[in-house]
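S.K.: A single structure is presented below for examination.
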Amino acid sequence: MQKQNRRYFLGGLAGAVAMLGGCGFQLRQAPEFHFQRLWLGGTSEVLVFLRRELARVSSVKIVSNPAEAEVLLEIMSDVRRDFAVGQTPYGEVREIQMRSTLTFRLWAQGQDPLATEDELEQYREYSYSETQALAKGDEQDLLFRDMSQSMAQLLLWRLASMRP
Numbered sequence: 127m128q129k130q131n132r133r134y135f136l137g138g139l140a141g142a143v144a145m146l147g148g149c150g151f152q153l154r155q156a157p158e159f160h161f162q163r164l165w166l167g168g169t170s171e172v173l174v175f176l177r178r179e180l181a182r183v184s185s186v187k188i189v190s191n192p193a194e195a196e197v198l199l200e201i202m203s204d205v206r207r208d209f210a211v212g213q214t215p216y217g218e219v220r221e222i223q224m225r226s227t228l229t230f231r232l233w234a235q236g237q238d239p240l241a242t243e244d245e246l247e248q249y250r251e252y253s254y255s256e257t258q259a260l261a262k263g264d265e266q267d268l269l270f271r272d273m274s275q276s277m278a279q280l281l282l283w284r285l286a287s288m289r290p
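Its first residue numbered 127, the sequence shown is counted upward by one per residue in the working numbering.
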């Protein structure tokens, strides 16, 4: 009986693999860029993660002179805030919401940069306890870092959609 169940399971698994292959399913690939030279301006932790991702997945060269670039990305501001969103009846903070807002301009050489300003926003929530204040501070740092990495991924896909 156990041998027959195994045979049914393997047959079902083979059928599922065949159906997924037939529908065009494939894992997400690295983005393809339609330019060779990129200029990055501004200061933000997001740019550190973006540089790392670009070096890992593409052959795009980051140039230091904006006149040499085909596509330009300038970080205007990177604002991080946290708010108390949940309290106990005694007024103690129990839940905190963190927001990270990145304002940037992304344009191709020859376009008007003022018309291309855009914004990304990420938020996370976590529980808070006064007795674990130091650990919660470390958790907040990790969550802000995670938001910066997520924004770098979003910028990477925006860059892939650029056609100079």
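Where a beta carbon is used, it is the ideal one built from N, C-alpha and C, also for glycine.
1. For the segment 158-176 against the segment 278-285, do three or more pairs of beta-carbon atoms, one drawn from each stretch, fall closer than 8 Å, so that the two count as touching?
2. Should residue 171 go down as buried or exposed, given a rule of 16 or more other Cβ atoms within 10 Å for buried?
3. Does the contact criterion of 3 or more C-beta pairs under 8 Å hold for the segment 249-257 versus the segment 217-226?
4. Between residue 225 and residue 247, what straight-line distance do the alpha-carbon atoms span, to the nearest angstrom?
5. For residue 185, count neighbouring C-beta atoms within 10 Å of its own C-beta (all shown protein chains included) and say buried if the count is 16 or more, exposed if not.
6. Which same chain residues, not among the five before or five after residue 197, have their C-beta less than 8 Å away from its C-beta?
7. Does the distance from the CB of residue 175 to the CB of residue 276 come in under 7 Å?
8. Helix, strand or coil for residue 229, going by three-state DSSP, please let me know.
9. Return the bridge partner residues of residue 246 from the DSSP annotation.
10. Would you decide whether residue 244 is buried or exposed? Buried here means 16 or more other CB atoms lie within 10 Å of its CB.
11. Once DSSP output is grouped into helix, strand and coil, what is the label at residue 259?
12. Where residue 278 and residue 208 are concerned, what is the direct C-alpha to C-alpha distance, given to the nearest angstrom?
M.R.: Quick look at the numbers:
1. yes
2. Taking the sequence shown and counting its residues from 1, the one referred to as residue 171 is at position 45. With 16 or more other Cβ atoms within 10 Å, it is buried.
3. yes
4. Translated into the one-based positions of the sequence shown, residue 225 becomes position 99. Translated into the one-based positions of the sequence shown, residue 247 becomes position 121. Going by the C-alpha atoms only, they are around 7 Å apart.
5. Position 59 of the sequence shown, counted from the start, is the residue given in the question as residue 185. With fewer than 16 other Cβ atoms within 10 Å, it is exposed.
6. Position 71 of the sequence shown, counted from the start, is the residue given in the question as residue 197. 161, 163, 164, 165, 232, 233, 234, 235, 285, 288 and 290, listed in sequence order.
7. Position 49 of the sequence shown, counted from the first residue, corresponds to residue 175. Position 150 of the sequence shown, counted from the first residue, corresponds to residue 276. Cβ distance not < 7 Å, so residue 175 and residue 276 don't count as in contact.
8. If you number the sequence shown from 1, residue 229 lands on position 103. The answer is strand: DSSP assigns residue 229 an E or B state.
9. As a position in the sequence shown, residue 246 is number 120, starting the count at 1. Per DSSP, 228.
10. Looking up residue 244 in the sequence shown gives position 118. It is exposed - the Cβ of residue 244 has fewer than 16 other Cβ atoms within 10 Å.
11. Within the sequence shown, numbered from 1, the residue matching residue 259 stands at position 133. Three-state result, residue 259: helix.
12. As a first step, residue 278 must be located in the sequence shown, where it is residue number 152. As a first step, residue 208 must be located in the sequence shown, where it is residue number 82. In a straight line, the C-alpha of residue 278 is about 20 Å away from that of residue 208.
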